[in-house]
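All remarks here apply to the structure that follows.
In the working numbering, the protein residues as written are 529 to 609.
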(Lines of atoms letter the chains of each structure in order from A; the text may use other names.)
(Lines give C-alpha, C1' and ligand atoms only; values in the text may rest on other atoms or scores of the structure.)
Protein backbone atom coordinates (compact mmCIF):
# COMPACT_ATOMS: atom_id res chain seq x y z
CA UNK A 529 0.00 0.00 0.00
CA UNK A 530 1.22 3.51 -0.77
CA UNK A 531 0.37 6.89 0.74
CA UNK A 532 0.83 9.93 -1.47
CA UNK A 533 1.16 13.20 0.42
CA UNK A 534 0.95 16.54 -1.36
CA UNK A 535 2.08 19.59 0.64
CA UNK A 536 1.37 23.09 -0.71
CA UNK A 537 1.66 26.60 0.61
CA UNK A 538 -1.58 28.06 1.91
CA UNK A 539 -3.23 30.72 -0.27
CA UNK A 540 -1.83 34.13 0.55
CA UNK A 541 1.58 32.82 1.69
CA UNK A 542 4.34 34.35 -0.42
CA UNK A 543 6.14 31.85 -2.64
CA UNK A 544 9.47 33.31 -3.81
CA UNK A 545 10.59 29.98 -5.29
CA UNK A 546 7.38 29.79 -7.33
CA UNK A 547 7.94 33.35 -8.57
CA UNK A 548 11.54 32.49 -9.58
CA UNK A 549 10.28 29.43 -11.49
CA UNK A 550 7.61 31.52 -13.21
CA UNK A 551 10.19 34.11 -14.25
CA UNK A 552 12.55 31.38 -15.56
CA UNK A 553 9.92 29.64 -17.67
CA UNK A 554 8.79 32.96 -19.11
CA UNK A 555 12.42 33.68 -20.11
CA UNK A 556 12.45 30.28 -21.83
CA UNK A 557 9.51 31.37 -23.97
CA UNK A 558 6.55 29.83 -22.16
CA UNK A 559 3.69 32.29 -22.30
CA UNK A 560 0.32 32.64 -20.64
CA UNK A 561 1.56 31.67 -17.18
CA UNK A 562 -0.40 33.56 -14.54
CA UNK A 563 1.24 32.05 -11.43
CA UNK A 564 3.46 29.20 -10.26
CA UNK A 565 3.24 27.74 -6.75
CA UNK A 566 5.76 25.13 -5.64
CA UNK A 567 5.17 22.35 -3.15
CA UNK A 568 6.39 18.98 -1.89
CA UNK A 569 5.36 15.44 -2.78
CA UNK A 570 6.01 12.31 -0.71
CA UNK A 571 5.38 8.63 -1.45
CA UNK A 572 5.28 6.47 1.64
CA UNK A 573 5.27 2.67 1.38
CA UNK A 574 3.00 1.23 4.07
CA UNK A 575 2.53 -2.29 5.39
CA UNK A 576 -0.03 -4.05 3.20
CA UNK A 577 -1.59 -5.61 6.31
CA UNK A 578 -2.94 -2.23 7.42
CA UNK A 579 -6.58 -1.42 6.81
CA UNK A 580 -7.05 1.55 4.49
CA UNK A 581 -8.46 3.63 7.34
CA UNK A 582 -5.37 2.88 9.48
CA UNK A 583 -3.06 3.72 6.59
CA UNK A 584 -4.87 7.04 6.00
CA UNK A 585 -4.74 7.89 9.71
CA UNK A 586 -0.99 7.13 9.90
CA UNK A 587 -0.16 9.12 6.76
CA UNK A 588 -2.34 12.03 7.86
CA UNK A 589 -0.67 12.16 11.26
CA UNK A 590 2.78 12.07 9.61
CA UNK A 591 1.78 14.84 7.21
CA UNK A 592 0.45 17.03 10.01
CA UNK A 593 3.28 16.43 12.51
CA UNK A 594 6.38 15.93 10.33
CA UNK A 595 5.96 16.62 6.62
CA UNK A 596 4.22 19.99 6.71
CA UNK A 597 4.26 23.24 8.63
CA UNK A 598 0.60 23.75 9.55
CA UNK A 599 1.07 27.50 9.96
CA UNK A 600 1.90 28.08 6.27
CA UNK A 601 1.15 24.79 4.48
CA UNK A 602 -1.84 22.60 3.63
CA UNK A 603 -1.62 18.91 2.76
CA UNK A 604 -3.65 16.23 1.01
CA UNK A 605 -3.29 12.48 1.52
CA UNK A 606 -4.21 9.79 -1.03
CA UNK A 607 -4.02 6.06 -0.33
CA UNK A 608 -3.28 3.65 -3.17
CA UNK A 609 -3.42 -0.14 -2.94
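Glycine is no exception: its CB is placed at the ideal position from the N, C-alpha and C atoms.
query: Roughly how many angstroms lie between the CA atoms of residue 554 and residue 537, to the nearest whole one?; result: 22 Å
query: Using a Cβ-Cβ cut-off of 6 Å (strictly less than) and excluding sequence neighbours within five positions of residue 576, which residues of its own chain qualify?; result: 529
query: For residue 568, which residues of its own chain have a beta-carbon under 6 Å away from its beta-carbon, when the five flanking residues on both sides are left out?; result: 535
query: Taking DSSP as the reference, what is the three-state secondary structure of residue 553?; result: helix
query: Using the rule of at least 16 other Cβ atoms within 10 Å of the residue's Cβ for burial, across every protein chain shown, is residue 573 buried or exposed?; result: exposed
query: I need the straight-line Cα distance from residue 564 to residue 578, nearest angstrom please.; result: 37 Å
query: Give the secondary structure of residue 574 by DSSP, where H, G and I count as helix, E and B as strand, and everything else as coil.; result: coil
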